[in-house]
Amino acid sequence: MADDLKSPPKPLDATHEEPMGRATFTAFTNATEEDWQKVIAANGVFAKGHVDRVLTHLNLLKGDCGGFPIDRLEHSLQTATRAHRAGMDEEYVVCALLHDIGDTLGVFNHPDIAAAILKPFVSGQNFWMVANHGIFQGYYFWHHIGLDRNAREQFRGHPAFEYTAQFCHLYDQPAFDGAYDSMPLEAFVPMLHRVMGRPKQSMYLKKSGEAAW
Ligand SMILES: [Fe+2]
Ligand SMILES: [Fe+2]
């Protein structure tokens, strides 16, 4: 533990590119239009690295099995591969790939992390599916760990209930097969870029639909 504290974690790789240089304000109250142009220019570059940073984070799941038969990255690849091979569209496949990306930071609420990352880029239905998949997945094992496997019933009647139940039944819960031939992560990278290239909804979208950066 003491050794860990001596070496702080390395920052994520970033471009650190500032095409117009850096703003000079000391507080937002004294920032100028020119300052904000500099921030917007740098954020434009930073935003282009978004998918790479998501991939870096997804890769943190590699090698961590947490007692499961396969590691968390292989489970993610297998879930996405099964959805892809079943003919689901790219947005759905990307949701399948990232659905457990929050395992590292959200030990007690992992679906919220994936849902937050995907929210600007996916439909309301897919967002709801990712955000609630943990409770729906519970149907398949919560009775073994002292929880109520039928907790998903609180959502019965919701428009995305069956959609989410199907995700867990067809793609998430069977994706622990060590013999399954999953597609490599590289195969999903173009899909990630297509789905996450432009936000559909965000507080940073202007009325024109264009992102502020
Ligand atoms: Fe999950
Ligand atoms: Fe999962």
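Following the working numbering, the numbering of the sequence shown begins with -3 at its first residue and continues without gaps.
In this text, a Cβ means the ideal position worked out from N, Cα and C, and glycines have one as well.
Since this is a predicted model, take the numbers as computed values, not measurements.
Problem - Buried/exposed call for CYS61, threshold 16 Cβ in 10 Å - result: By the neighbour-count definition (other C-beta atoms within 10 Å, threshold 16), CYS61 is an exposed residue.
Exercise for the section: Would you identify the three-state DSSP class for ALA79, choosing helix, strand or coil? Expected result: helix
Practice task
Measure the alpha-carbon distance for HIS80 versus LEU69 and round it to whole angstroms.
Solution key: 16 Å
Exercise for the section: Say yes only if the C-beta of HIS139 is nearer than 7 Å to one or more non-hydrogen atoms of ligand 4, and no if none qualify. Expected result: In the structure on display, ligand 4 does not appear, and the ligands it does have are ligand 1 and ligand 2.
Problem - Pair within 8 Å by beta-carbon distance, VAL126 and ALA111 - result: For the 8 Å CB-CB criterion, VAL126 and ALA111 form a contact.
Practice task
Below 8 Å CB to CB, which residues in the same chain sit around ALA(-2) once its five sequence neighbours on both sides are set aside?
Solution key: Because the pLDDT at ALA(-2) is just 43, under 50, the model does not fix this residue reliably, and the value given afterwards should be weighed accordingly. Once the five neighbours on either side are set aside, ALA(-2) has no close Cβ partner at all.
Exercise for the section: With a threshold of 7 Å, establish whether the CB of ASP168 neighbours any heavy atom of ligand 2. Expected result: yes
Exercise for the section: For the alpha helix (DSSP H) containing GLN169, list its first residue and its last residue. Expected result: Taken as a continuous stretch (DSSP letters only), GLN169 belongs to no alpha helix (DSSP H), as it is neither H nor E.
Exercise for the section: Please go through the same chain and pick out, in chain order, the residues whose beta-carbon is closer than 8 Å to the beta-carbon of ILE36, but skip the five residues on each side of it. Expected result: ALA208, TRP209
Exercise for the section: Have a look at THR52 and PRO155 and give me their C-alpha separation to the nearest angstrom. Expected result: 34 Å
Practice task
Give me the Cβ distance between ASP99 and LEU57, rounded to the nearest whole Å; I'm assuming they're in contact under 8 Å.
Solution key: 6 Å
Exercise for the section: Figure out for me which residue from ILE97, GLY130, VAL89 has the closest Cα to the Cα of MET187. Expected result: Per the Cα distances, VAL89.
Exercise for the section: To the nearest angstrom, report how far apart THR75 and GLU86 are at their CA atoms. Expected result: 13 Å
Handout entry: Of the residues PHE42, ALA19, HIS71, GLU14, the one placed nearest ALA175, counting alpha carbons only
Key = HIS71
Problem - Straight-line Cα distance separating GLN169 from TYR136 - result: 7 Å
Problem - ASP96 CB to nearest heavy atom of ligand 2 below 7 Å - result: ASP96: yes, Cβ under 7 Å from ligand 2.
Practice task
Would you kindly work out how many angstroms separate the C-alpha atoms of MET199 and THR28, rounded to a whole number?
Solution key: 21 Å
Practice task
Given a cut-off of 8 Å, decide if LEU114 and PHE104 are closer than it, judged by their beta-carbon atoms.
Solution key: no
Problem - Euclidean distance between Cα positions of GLN150 and PHE132 - result: 10 Å
Exercise for the section: Classify ASN55 as buried or exposed, calling it buried when 16 or more other Cβ atoms lie within 10 Å of its own Cβ. Expected result: exposed
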